[in-house]
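Beneath this line is the structure, given in structure tokens, with notes to follow.
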Amino acid sequence: MKERVALYPGSFDPITMGHLDILERATAIFDRVVVSVLRNPGKQPLFSVEERLELIRETVRPLGDQVQVDAFDGLTVAHAQQVGAIAIVRGLRALSDFETEFQMALMNRRLQPDVHTVFLMTSAPNVFMSSALVKEVCQLGGDVSEFVSPAVAEALRRRLGKPG
Ligand code: PNS
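The sequence shown begins at 49 in our numbering and counts up one residue at a time.
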């Protein structure tokens, strides 16, 4: 049977437990999931693309070789086709995510009707979680160890100059 591959695209600045939860559930549906960092010059990230890739690799290690990690430029649907993905996976947290995600999904379908978008509802404990909030909490001296992997927590503390 043909391998079912999904693309999980995003900024991942940095990857959180919310992302990991979506990813874990995506691996229950698809044979292989490619986590892909958008090389986005439009945003001012805290971590470089290479740093984010390394932090993702560390964080997803427990999921084994069903998960691959890469970066891309340009259209998500084009990258989905490049990696042989039949679907784009996105996590949905709350109503606030819906509008943008809905627009992106419809645009992506117009651009490439063969690539489906699959939304996975985030688990209840992660509804409030976002990379932006995790960075803010760490910046303000809060403990982020519940929200990110140990590698990411360490990288955040170092980057933001916070004691371990
Ligand atoms: O983690 P994010 O920042 O919510 O991810 C957003 C992302 C990378 C999925 C989105 O910005 C994207 O797909 N960008 C690629 C450009 C593209 O394909 N645009 C047209 C379709 S909406």
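Glycine included, C-beta positions come from ideal geometry on N, C-alpha and C.
Could you work out which residue in Val-115, Met-177, Glu-99 and Phe-95 is closest to Ala-74 when comparing CA atoms only? Locating residue 74 in the sequence shown gives position 26, counting from the first residue. When only C-alpha atoms are compared, the closest one is Val-115.
Go through the region 66 to 139 residue by residue and report every complete run of the beta strand (DSSP E) that reaches 3 residues or more, in order. 80 to 86 and 115 to 120
Helix, strand or coil: how does DSSP classify Ala-142 here? By 1-based counting over the sequence shown, the position of residue 142 is 94. In this structure, DSSP gives Ala-142 a state outside helix and strand, which the three-state scheme calls coil.
Contact the region 153 to 172 vs the region 95 to 103: 3+ CB pairs below 8 Å: The region 153 to 172 vs the region 95 to 103: no contact.
In chain order, what residues have a CB nearer than 6 Å to some heavy atom of the ligand PNS? Pro-57, Gly-58, Ser-59, Leu-86, Leu-123, Thr-124, Met-152, Met-155 and Asn-156
Take the Cβ of Asn-88 as the centre, count every other Cβ of all protein chains shown within 10 Å, and call the residue buried at 16 or more, exposed below. Taking the first residue of the sequence shown as 1, we reach residue 88 at position 40. Answer is exposed; the Cβ neighbour count stays below 16.
Residue from Gly-212, Tyr-56 and Gly-209 whose Cα sits closest to the Cα of Gln-129: Counting from one through the sequence shown, the residue named residue 129 turns up at place 81. Nearest C-alpha to Gln-129: Tyr-56.
Quick one: which unbroken beta strand (DSSP E) runs of 3-plus residues sit fully inside the region 146 to 184? Chain order, please. 164 to 169
Take Val-81 and list the residues in its own chain whose beta-carbon comes closer than 8 Å to its own, dropping the five residues that flank it on each side. As a first step, residue 81 is located in the sequence shown; it is residue number 33 there, counting from the start. If the five residues before and after Val-81 are omitted, its C-beta is found closer than 8 Å to the C-beta atoms of Val-53, Ala-54, Leu-55, Tyr-56, Leu-71, Ala-74, Thr-75, Gln-114, Val-115, Gln-116 and Val-137, all from its own chain and listed in chain order.
Identify whether Pro-198 lies in helix, strand or coil by the three-state DSSP scheme. The residue given as residue 198 occupies position 150 in the sequence shown. Note: Pro-198 maps to helix in three-state DSSP.
Give me the DSSP bridge partner(s) of Gly-58. Position 10 of the sequence shown holds residue 58. Within the DSSP bridge table, the entry for Gly-58 names Val-85 as partners.
Give me the DSSP bridge partner(s) of Val-53. As a position in the sequence shown, residue 53 is number 5, starting the count at 1. DSSP output for Val-53 lists Arg-80 as bridge partner(s).
Inter-stretch contact (C-beta, 8 Å, three-pair minimum) for the region 172 to 179 and the region 199 to 207: no
Does DSSP classify Leu-204 as helix, strand or coil? By one-based count along the sequence shown, residue 204 stands at place 156. Here Leu-204 sits in helix by DSSP.
On the criterion of 16 or more Cβ atoms from any shown chain inside 10 Å, does Pro-62 qualify as buried, or is it exposed? Position 14 of the sequence shown, counting from 1, holds the residue named residue 62. Buried is the call here.
Between the C-alpha atoms of Met-49 and Asp-118, what's the straight-line distance to the nearest angstrom? As a first step, residue 49 must be located in the sequence shown, where it is residue number 1. As a first step, residue 118 must be located in the sequence shown, where it is residue number 70. Looking at the two C-alpha atoms, the distance is approximately 25 Å.
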